[in-house]
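*Asks:*
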Amino acid sequence: MFRAVLTDRLQAAFSAAGLALPEGFTPAVVIASDTRFGDYQSNAAMVLGKQLKANPRALAEQIKAALKVEDLCEKVTVDGPGFLNFTLSSPALAAKLGGIANDVQVGVPSVVKAKTIVVDFSAPNIAKPMHVGHIRSTFIGDSLARIARFIGHKVITDNHVGDWGTQFGMIIHGWKTQLDQAKLKADPIHELVSVYKAVNAATKADDAVLETCKSELVKLQQGDAENLAIWKECVRLTLEQLEKVYGTLDIKFDHYLGESFYNDALAPLVEDMLAQGIAQASEGAIVVMTDGSVKPEDDPFLIKEKDEWKAAPCIIRKSDGGFLYATTDLATIDYRVKEWQADEIWYVVGAPQQLHFRQVFAAAKRRGVTTLMTHIAFGSILGPDGKMFKTRSGETVGLLEVIEEAIERAREAADAKEQGLSDAEKDEIARVIGTGSVKYAELSQNRLTDYKFSWDKMLSLQGNTAPYLLNAYVRTRSIFRKLDGAVTLTSELTLTDPAERLLAIKLAQFAETTHDVLLDHKPNLLANYLFELANTYHSFYEACPVLKSEGTMRNTRLTLCEATSRVLKTGLGLLGIQTTERM
RNA sequence: GCACCCGUAGCUCAGUGGAUAGAGCAGUGGAUUUCUAAUCCUCUGGUCGCAGGUUCGAUCCCUGCCGGGUGCGCCA
Numbered sequence: 010m011f012r013a014v015l016t017d018r019l020q021a022a023f024s025a026a027g028l029a030l031p032e033g034f035t036p037a038v039v040i041a042s043d044t045r046f047g048d049y050q051s052n053a054a055m056v057l058g059k060q061l062k063a064n065p066r067a068l069a070e071q072i073k074a075a076l077k078v079e080d081l082c083e084k085v086t087v088d089g090p091g092f093l094n095f096t097l098s099s100p101a102l103a104a105k106l107g108g109i110a111n112d113v114q115v116g117v118p119s120v121v122k123a124k125t126i127v128v129d130f131s132a133p134n135i136a137k138p139m140h141v142g143h144i145r146s147t148f149i150g151d152s153l154a155r156i157a158r159f160i161g162h163k164v165i166t167d168n169h170v171g172d173w174g175t176q177f178g179m180i181i182h183g184w185k186t187q188l189d190q191a192k193l194k195a196d197p198i199h200e201l202v203s204v205y206k207a208v209n210a211a212t213k214a215d216d217a218v219l220e221t222c223k224s225e226l227v228k229l230q231q232g233d234a235e236n237l238a239i240w241k242e243c244v245r246l247t248l249e250q251l252e253k254v255y256g257t258l259d260i261k262f263d264h265y266l267g268e269s270f271y272n273d274a275l276a277p278l279v280e281d282m283l284a285q286g287i288a289q290a291s292e293g294a295i296v297v298m299t300d301g302s303v304k305p306e307d308d309p310f311l312i313k314e315k316d317e318w319k320a321a322p323c324i325i326r327k328s329d330g331g332f333l334y335a336t337t338d339l340a341t342i343d344y345r346v347k348e349w350q351a352d353e354i355w356y357v358v359g360a361p362q363q364l365h366f367r368q369v370f371a372a373a374k375r376r377g378v379t380t381l382m383t384h385i386a387f388g389s390i391l392g393p394d395g396k397m398f399k400t401r402s403g404e405t406v407g408l409l410e411v412i413e414e415a416i417e418r419a420r421e422a423a424d425a426k427e428q429g430l431s432d433a434e435k436d437e438i439a440r441v442i443g444t445g446s447v448k449y450a451e452l453s454q455n456r457l458t459d460y461k462f463s464w465d466k467m468l469s470l471q472g473n474t475a476p477y478l479l480n481a482y483v484r485t486r487s488i489f490r491k492l493d494g495a496v497t498l499t500s501e502l503t504l505t506d507p508a509e510r511l512l513a514i515k516l517a518q519f520a521e522t523t524h525d526v527l528l529d530h531k532p533n534l535l536a537n538y539l540f541e542l543a544n545t546y547h548s549f550y551e552a553c554p555v556l557k558s559e560g561t562m563r564n565t566r567l568t569l570c571e572a573t574s575r576v577l578k579t580g581l582g583l584l585g586i587q588t589t590e591r592m
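Those letters in the first sequence? Residues 10 to 592, by my numbering.
(1) Report the residue from E551, H547, N544, Q518 whose alpha carbon sits nearest the alpha carbon of V38.
(2) How would you call P277, buried or exposed, if buried means at least 16 neighbouring beta carbons within 10 angstroms?
(3) By the 10 Å Cβ neighbour count, where 16 or more other Cβ atoms means buried, how is W173 classified, buried or exposed?
(4) Can you tell me the Cα-Cα spacing of G580 and S453, whole angstroms?
(5) With respect to the alpha helix (DSSP H) encompassing D343, which residues constitute its N-terminal and C-terminal limits?
(6) If you draw a straight line from the C-alpha of A25 to the C-alpha of N52, how long is it?
(7) Look at the Cβ atom of L470, then the Cβ atom of A508, and state whether they are nearer than 8 Å.
(8) Residues in the same chain with beta-carbon distance under 7 Å from D263, minus the five sequence neighbours each way, listed in chain order, please.
(9) Cα-Cα, which of L391, L479, L258, A21 is closest to Q71?
(10) Quick check: the Cα distance between G89 and G27, rounded to an integer number of angstroms?
(11) Return the first residue and the last residue of the beta strand (DSSP E) that C323 is part of.
(12) Using DSSP with H/G/I as helix, E/B as strand and the rest coil, what is H169?
(13) May I have a chain-ordered list of the alpha helix (DSSP H) segments no shorter than 4 residues that lie completely inside the stretch 234-308?
(14) By Cβ distance below 6 Å, which residues in the same chain neighbour L516 in space, the five residues on each side in sequence not counted?
(15) Might you give, ordered along the chain, the residues of its own chain that have their beta carbon closer than 7 Å to the beta carbon of R401, omitting 5 neighbours on each side?
(16) How close, in whole Å, do the beta carbons of S291 and P322 come, if the pair is a contact with beta carbons under 8 Å?
(17) To the nearest whole angstrom, what separates the beta carbons of D308 and T299, a pair I think is in contact under 8 Å?
(18) Thinking C-alpha only, which one of Y271, S269, E268, I325 is nearest G293?
(19) Can you tell me the Cβ-Cβ gap for Y265 and V170, rounded? I've got them flagged as a contact below 8 Å.
(20) Our contact map puts L527 next to A157 with C-beta atoms below 8 Å; I'd like the distance itself, whole angstroms only.
(21) State buried or exposed for K253, treating a residue as buried only when at least 16 other CB atoms are found within 10 Å of its CB.
(22) Since W349 contacts I385 with CB under 8 Å, what's their CB separation in whole angstroms?
(23) Under a three-way DSSP split, which group does L381 fall into?
(24) Measuring alpha carbon to alpha carbon, tell me which residue in I181, L492, K62 is nearest K228.
Here is the structure:
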């Protein structure tokens, strides 16, 4: 990575110039914000100037004089208030380019210390269809898992499905009293949902129904054979459907350890926490309270009310003896730490659950868990009114519905092109473009901001969209299809045209971008980068004929195409987006 | 009441303690008998919610306010 190498050189220059660096100071080199000045830049002289009370420009000149970068840069300049600007040399860029075009890791170095990372994402509920609300967790989680794995971590993906809970009282009651077997066979989830909705409505009208549901739930929890069988069938039917959706989306999990998996661990866990004094009885329930180890404003177990800090406990056992979300999460952490030796656990779950995770993480730490637990939060998907989509009010849009519509629109566009592709080929192209469009629409956004759900944005085929990126890839493949015979991409390369140079620099930045994504768990950095790369390639493509050129120029351009092709395929793959050879 | 997230172009959204704040859509005017136009190139469009503060430098950090969203003991 140029950025890392230049940082090292800068560090060396400080020593060579005899500059005493203040404690904790490391020079920062970044990709240039304005390409007129260079390819990379550093503000180290300005930061240092402040701390050493020295003139930043003079300091920059002093550093520049001590800098040894002849093998990398054709030019280093001091500009403005004291910026050091680096312009890469053509040979250095060409060498890097050859590396990208011939390397399976496309020039992205692996991490020095590989960690075991458990990624918890998607987590749909049994007997409920996935809706647009699941888009964020599913796509962000899948992408982060792919990226972490790509740069060398050991990644374990776990779909913590909601297969246990109070809703099963209603579903079992409905199953017994009003299930339509024919409809169940035709569309299991749809039938389960309508049964659930009907019973849910009935409970609101009639308390007796509610009581029946509660007793069905208790029977299930006590291991009643009939109810257990119904529950298992619900889980089986739902998972079967989920697998189909995940298959269409090209998403795989290493494990499907749902909430029910941890049932037997809950009672002992609560007992253990009581015994250790981490949990206590309160108003009939068992809760975790503050231990006063942190400042009140940082304590997840305290809340301020009228200038007084009041308890905001985390309940792990209800007064009726039942267990909760937090209890299951604590048991899940135990399992992941013990069985998988997780160094880190990433929870890709919506921002509204921030308090829950702060409490759970704090409770786990008190139990001696040292694993780094991170809540990778994301904003809500809003309806047209700017308010959250509500799951239960029926206002939401089904995930499958969105995907199918996207595939259909992509298919229409493919049909309009007339390039002699078979129906099967067009179907596959439409699937890749349709699912890619929905994924890209999600992943190109900052995960923390709320956004309004928009069919047009999800399904658009122009502009900053998956088809735009895929088209750039298709253009690279088209060139190699037309090429006669094998090419060697190892001969001499020379970058002459400005468009060639811009593309080469962009390609070199893939490594930096990929690593940066994991600093803040933000896949949109990669999405934005790939859009810029595609844009740069499209411009290059218009400006620089490849097959019609000759000699070194032709070889250079072919190498640029091959490198672009690999970076796009790899980069899109890291977003969970597949590619096609034609479109 | 308290806490967290958000407020950037007509719309939807990027962005960073640095140099003249970007993109897509919409609007405008061009480019192709194509290495695939699902493309490229022009132009138009901004008091980065408001007010202070810190800094050589603030859209970014701090404080206060205004506006929107979310969460806060027995759902998950």
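Every residue gets a Cβ at the ideal spot worked out from N, C-alpha and C, and that includes glycine.
*Replies:* Checking against the coordinates, here is how it stands:
(1) Here the question's residue 38 lines up with position 29 in the first sequence. Comparing Cα positions, the closest option is Q518.
(2) Residue 277 sits at position 268 when you count from the first residue of the first sequence. P277 sits exposed, since fewer than 16 C-beta atoms from the chains shown fall within 10 Å of its C-beta.
(3) As a working note, residue 173 is residue 164 in the first sequence. It counts as buried.
(4) Residue mapping note: residue 580 aligns to position 571 of the first sequence, counting from 1. Residue mapping note: residue 453 aligns to position 444 of the first sequence, counting from 1. Cα to Cα, the separation comes out at about 13 Å.
(5) In the first sequence, residue 343 corresponds to position 334, counting from 1. 334-349 is the span of the alpha helix (DSSP H), which, as asked, contains D343.
(6) Here residue 25 is taken as the residue at index 16 of the first sequence, counted from 1. Here residue 52 is taken as the residue at index 43 of the first sequence, counted from 1. Computed Cα separation, rounded: 18 Å.
(7) Numbered from 1 along the first sequence, position 461 holds the residue referred to as residue 470. Numbered from 1 along the first sequence, position 499 holds the residue referred to as residue 508. Not in contact: L470 and A508 (Cβ atoms no closer than 8 Å).
(8) Taking the first sequence and counting its residues from 1, one reaches residue 263 at position 254. So the qualifying residues of the chain are I165, T166, D167.
(9) In the first sequence, counting from the first residue as 1, residue 71 sits at position 62. Of the listed residues, the one whose Cα sits closest to Q71 is A21.
(10) For this step, residue 89 is matched to residue 80 along the first sequence. For this step, residue 27 is matched to residue 18 along the first sequence. Whole-angstrom Cα-Cα distance: 24 Å.
(11) As a first step, residue 323 must be located in the first sequence, where it is residue number 314. Residues 323-326.
(12) Numbered from 1 along the first sequence, position 160 holds the residue referred to as residue 169. Looking at H169 - three-state DSSP - the assignment turns out to be coil, as it is neither helix nor strand.
(13) Those alpha helix (DSSP H) runs which fall completely within the stretch 234-308 and span 4+ residues are 234-258, 272-284.
(14) Reading the first sequence from its first residue, position 507 is the one you call residue 516. Once the five neighbours on either side are set aside, the close Cβ partners of L516 are I109, A572, V576.
(15) Position 392 of the first sequence holds residue 401. Note on R401: pLDDT 44, under 50, position unreliable in the model; no value is reported.
(16) Position 282 of the first sequence, counted from the start, is the residue given in the question as residue 291. Position 313 of the first sequence, counted from the start, is the residue given in the question as residue 322. The Cβ separation is near 6 Å, so the contact holds.
(17) In the first sequence, counting from the first residue as 1, residue 308 sits at position 299. In the first sequence, counting from the first residue as 1, residue 299 sits at position 290. Their Cβ separation, rounded to whole angstroms, is 5 Å, which keeps D308 and T299 in contact under 8 Å.
(18) Position 284 of the first sequence holds residue 293. Nearest C-alpha to G293: I325.
(19) Against the first sequence, residue 265 aligns to sequence position 256. Against the first sequence, residue 170 aligns to sequence position 161. Right, their Cβ atoms sit about 6 Å apart.
(20) Position 518 of the first sequence, counted from the first residue, corresponds to residue 527. Position 148 of the first sequence, counted from the first residue, corresponds to residue 157. The distance from the Cβ of L527 to that of A157 is about 6 Å, consistent with a contact at the 8 Å cut-off.
(21) In the first sequence, the residue the question calls residue 253 occupies position 244. So K253 counts as exposed.
(22) Position 340 of the first sequence, counted from the start, is the residue given in the question as residue 349. Position 376 of the first sequence, counted from the start, is the residue given in the question as residue 385. Actually they do not touch by this definition, with Cβ atoms about 18 Å apart.
(23) Translated into positions along the first sequence, residue 381 becomes position 372. Correct three-state label for L381: strand.
(24) As a working mapping, residue 228 is identified with position 219 in the first sequence. Nearest C-alpha to K228: I181.
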